[in-house]
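Those letters in the sequence shown? Residues 2 to 212, per our numbering, in order. Idealized CB from N, CA, C, for every residue including glycine. Computed from a prediction, not measured in an experiment: that's the story for all the values here. Working notes, structure below.
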Amino acid sequence: MEASLTPVALPPRRAQHGAAAVVLLVVGILLAGLYRVTSGTERHSYASDAVPPANVHVTVGHSYLISVPGGVAALQDHGLSPSGLRCEWSTGGSAVQPLSVQLYGPDAKATDAIGTFTASVTGDVHIDCTGWGAVFVDDADDAGGDLAGLFLVLCVIALTIGAALGLSALRSRYSDASYELAHAKREDAEIERLVHIVHVRSEDEDTSPGR
2 MEASLTPVAL PPRRAQHGAA AVVLLVVGIL LAGLYRVTSG TERHSYASDA VPPANVHVTV
62 GHSYLISVPG GVAALQDHGL SPSGLRCEWS TGGSAVQPLS VQLYGPDAKA TDAIGTFTAS
122 VTGDVHIDCT GWGAVFVDDA DDAGGDLAGL FLVLCVIALT IGAALGLSAL RSRYSDASYE
182 LAHAKREDAE IERLVHIVHV RSEDEDTSPG R
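Below is the structure:
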């Protein structure tokens, strides 16, 4: 009777997952910082602590959104009726003129927009509404892109993937440790069995006839 130790290949390592997780988590934290910085400098209604620009550039015949932080709900919280809001525009040193706005109703789903208007001139204009003051035109010609929003999306993606890879690496490490422990126990058992066989054979030889 012969016994042998059967080598078993260890499961593949995933150290690269752990390294990638660390990199992505660091990148995510940096992107979160960039989001906080840029969100305070953008002139959009959805940017934190943003102040409406004094003037926005519009093009005659184009439609634009009028927005306030919080949208229609914010107007109602200030005791203003969305349907009764009156807005005006002016450019340079011109006289103030009424602005024809298609206002949204109280059940509007928009987050910040409260209505739309069509520009009657091309140039820089100042827009405000009675009882509220200056408003945002988030899609004005010179409004610029939503860089803070891009940083936020990339931050969420980086943190999500980084967390997933980190958990995968931890599970792999735990599985490898469990495997190594089980393999070590198996080797110990094989060695004990081999020692037992050798011991039994030795006793058999000692008690065999002619000894």
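Considering only the beta carbon of each residue, do residue i and residue j sit closer than 7 Å?
i	j	result
Y47	D113	yes
L35	F152	yes
A120	V57	no
V69	I115	yes
L25	G163	yes
Roughly how many angstroms separate the alpha carbons of residue i and residue j, rounded to a whole number?
i	j	result
V27	A111	34 Å
P83	A165	45 Å
Q103	V23	50 Å
V136	P53	6 Å
L76	C156	32 Å
V138	D129	10 Å
H18	R37	28 Å
A51	T39	11 Å
R172	G62	59 Å
For the alpha helix (DSSP H) containing residue i, name the first residue and the last one.
i	result
G124	No alpha helix (DSSP H) contains G124, which is instead part of the beta strand (DSSP E) from G124 to C130.
Thinking C-alpha only, which one of the options is nearest residue i?
i	options	result
G29	G93, A164, A159 and T92	A159
G80	G132, D143, T161 and V136	G132
Q98	V126, L171 and H18	V126
P107	A74, L168 and L100	A74
I67	E89, L25 and S49	E89
G85	R44, D147, Y105 and G93	Y105
S91	T123, H63 and A109	T123
| Minimum length 4: unbroken alpha helix (DSSP H) runs contained in the region 41-114 | 72-78
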